[in-house]
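Report on one structure; see the data block that follows.
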Amino acid sequence: MPLFQVAVIAGDGIGPEVMAEALPLLAWARDRGRPLAWTLFPHGADHCLATGETLSQVTFEHLRDHFDALLFGAVGDPRIPDQRHAEAILLRLRKDLALGVNLRPCLPLADHLVPLKGVGARDIHIEVFRENTEGPYVLAGETAPGRATDLALHTETAVRPLLEVAFHRAQAQGRPLHLAHKANVLKHGHGLWLRMFQELKQAYPEVEATPIHADALLCALIQRPQAFGVIAGDNYVGDLISDLLAAFQGGMGMAPSLSYAPHPAGRCRALAEPVHGSAPDLAGKDLANPAGIFLSTALLFRFAGWETEALAVEKAVQQALEAGEGTPDVKGTLGCRAFSAALRARLH
Ligand code: NAD
Ligand code: IPM
Ligand code: MN
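The numbers in numbering that gives the first Met the number 0 rise by one with no breaks, and the one at position 168 of the sequence shown is 167.
Okay, here's the thing in structure tokens:
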């Protein structure tokens, strides 16, 4: 059986701390017989400051052609104020590997971590599908004296596959689908999203599909999260919604994500990464919650077809949280390393 090759980029801040705890999960899956191998890459702020390289074309092509997926920690470092390395590494990988779909599930695992009055973990079951390559993330624009522009791009080529994935998922799950948009203002870009959504709705008559203004959605999510199933949105709106939903799961340290190519062109087809960033406020303190990267690794296992391992990791996190184990952000008393060890001890 061919090896599933994973490129590992730990990145900055708490990235290396949580990645150090996730690597044993890869070893665990391999030791259970999964054909898995991985290679560490040093890219991030330290590497950029030491060598001048953010992500060279040679490295990009190596990642693209010799790996099936990436496992990513986080990027962002105060020593590089314009964060050019984040753009050159993370945004480039998402875009140039054509990882157009970013799945950000919100499946809270423990009642005591859901911050909404009268709402339990099992009441919330939401999956966000965020377009991952366009919107304002094309980084087109300029700063001129007294004036600045950021342009946003929305193409049918990117929007249609994202919406198709979301419709397909809503249909398979028998759950409602919402399109988060601001076509009332962004008539051109979000207008295209709305038109494509209405068009696809004809092809999926059994899906309860409703467009909703993204601002009103945020209010409704707090008031009645039970009413939502699948949510689709553009890159920017999807980014904002996914952090709100991280709060439902217990905070930034809990939320997982998986980016993947809806129509894979080359070998490297997925990138698993926690939703959180490099958290410079926590870096080096053994305080980072590793659950986000554990659950992202579970999404990677599922992508590889290893459902047993994916479920085992998710169950381990759930059982640990229910037992009160955790880092301080999830009301626990353990450090990153001790919580990780406790999670791994629950893996069977
Ligand atoms: P952040 O997610 O790093 O931190 C936001 C808050 O959440 C902070 O209070 C932090 O302490 C907390 N937090 C984050 N991860 C946590 C964890 N694992 N355990 C416990 N608490 C956690 O977001 P930010 O402060 O907006 O950004 C910091 C840097 O990270 C910036 O440079 C930003 O651009 C970058 N960033 C990178 C990614 C990524 O690599 N995918 C994602 C978001 C932000
Ligand atoms: C995320 C982050 C990134 C984004 C940043 C670091 C570029 O916030 O992964 O959610 O905006 O996509
Ligand atoms: Mn974000």
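C-beta: ideal position from N, C-alpha, C; glycine also.
What residue does the beta strand (DSSP E) around C105 start on, and which one ends it?
Stepping through the sequence shown from its first residue, residue 105 is reached at position 106. V100 to C105 is the span of the beta strand (DSSP E), which, as asked, contains C105.
Suppose the cutoff is 8 Å on Cβ atoms and the five residues either side in sequence are ignored; what does the same chain contact list for G140 look like?
Locating residue 140 in the sequence shown gives position 141, counting from the first residue. Only A147, T148, D149 and L150 meet the Cβ criterion.
Cutoff 7 Å; reference R83; Cβ partners in own chain excluding five residues on either side
Here residue 83 refers to the residue found at position 84 of the sequence shown. Correct list, in chain order: T53.
For G134, collect the residues of the same chain with a Cβ closer than 6 Å to its Cβ; drop the 5 residues on either side in sequence, then sort them by chain order.
For this step, residue 134 is matched to residue 135 along the sequence shown. If we look at G134 and ignore the five residues flanking it on each side, its Cβ neighbours are A151, D233, N234 and Y235.
When you compare the CB positions of S98 and R268, do they come within less than 9 Å of one another, or not?
In the sequence shown, counting from the first residue as 1, residue 98 sits at position 99. In the sequence shown, counting from the first residue as 1, residue 268 sits at position 269. At residue 98 the sequence reads Leu, which differs from the Ser that was named. Yes.
Can you check whether the CB of G276 is closer than 9 Å to the CB of T326?
Within the sequence shown, residue 326 is the residue found at index 327, counting from 1. Within the sequence shown, residue 276 is the residue found at index 277, counting from 1. Cβ distance not < 9 Å, so T326 and G276 don't count as in contact.
What separation, rounded to the nearest whole angstrom, lies between the Cα atoms of L90 and N131?
To locate residue 90, count along the sequence shown from 1; it is residue 91. To locate residue 131, count along the sequence shown from 1; it is residue 132. Distance between the alpha carbons of L90 and N131: 9 Å.
May I ask you to list the residues that DSSP assigns as paired with H177?
Residue 177 sits at position 178 when you count from the first residue of the sequence shown. The partner list for H177 (beta bridge, DSSP) reads T209 and I230.
Does the ligand IPM have even one heavy atom less than 8 Å from the beta-carbon of S256?
On the sequence shown, position 257 is the one that residue 256 refers to. Within the cutoff, so yes.
Does any heavy atom of the ligand IPM sit closer than 8 Å to the C-beta of A44?
On the sequence shown, residue 44 is found 45 positions in, with the first residue counted as 1. Result no, Cβ not under 8 Å from the ligand IPM.
Best match in A344, A337, R336 and L294 for proximity to L108 [C-alpha to C-alpha]:
As a working note, residue 108 is residue 109 in the sequence shown. L108 has its Cα closest to that of L294, out of A344, A337, R336 and L294.
Is it the case that the Cβ atoms of L112 and G250 are separated by a distance below 9 Å?
Indexing the sequence shown from 1 puts residue 112 at position 113. Indexing the sequence shown from 1 puts residue 250 at position 251. Cβ atoms of L112 and G250: closer than 9 Å.
Expressed to the nearest angstrom, what Euclidean distance is found between the alpha-carbon atoms of H65 and Q4?
Position 66 of the sequence shown, counting from 1, holds the residue named residue 65. Position 5 of the sequence shown, counting from 1, holds the residue named residue 4. Going by the C-alpha atoms only, they are around 7 Å apart.
Cα-Cα, which of H167, H42, H124 and R159 is closest to G228?
Numbered from its first residue, the sequence shown carries residue 228 at position 229. Answer by Cα proximity: H124.
Simplified DSSP assignment, three categories, for S258
Along the sequence shown, read from residue 1 onward, the residue named residue 258 stands at position 259. Strand at S258.
Could you round the C-beta distance between G43 and V74 to whole angstroms and report it? I think they count as a contact, below 8 Å.
Indexing the sequence shown from 1 puts residue 43 at position 44. Indexing the sequence shown from 1 puts residue 74 at position 75. Rounded, the Cβ-Cβ distance is 6 Å, consistent with contact.
Backbone CA spacing between A245 and A36 [nearest angstrom]:
Here the question's residue 245 lines up with position 246 in the sequence shown. Here the question's residue 36 lines up with position 37 in the sequence shown. Between A245 and A36, the C-alpha separation is close to 30 Å.
I'd like the list of long-range same chain contacts for H189, defined as Cβ closer than 6 Å, with 5 residues on each side in sequence excluded.
Stepping through the sequence shown from its first residue, residue 189 is reached at position 190. Correct list, in chain order: H180, K181 and A182.
To which residues does DSSP link R146 through a beta bridge?
Locating residue 146 in the sequence shown gives position 147, counting from the first residue. Looking at the DSSP assignment, R146 forms a beta bridge with A143.
Assuming F71 is part of the beta strand (DSSP E), what are its boundary residues?
Reading the sequence shown from its first residue, position 72 is the one you call residue 71. First-last of the beta strand (DSSP E) with F71: A68 to A73.
Since E52 is in the beta strand (DSSP E), which residue starts that stretch and which ends it?
Here residue 52 corresponds to residue number 53 of the sequence shown, with the count starting at 1. Here E52 belongs to no beta strand (DSSP E), and DSSP marks it neither H nor E.
Collapsed DSSP secondary structure at G134 in the structure displayed:
Numbered from its first residue, the sequence shown carries residue 134 at position 135. Here G134 sits in strand by DSSP.
Give the range of the alpha helix (DSSP H) segment to which W192 is assigned.
Indexing the sequence shown from 1 puts residue 192 at position 193. Here the alpha helix (DSSP H) through W192 covers G188 to A202.
Quick check: R129 and I240, are their CB atoms within less than 9 Å of each other?
Locating residue 129 in the sequence shown gives position 130, counting from the first residue. Locating residue 240 in the sequence shown gives position 241, counting from the first residue. Cβ distance < 9 Å, so R129 and I240 count as in contact.
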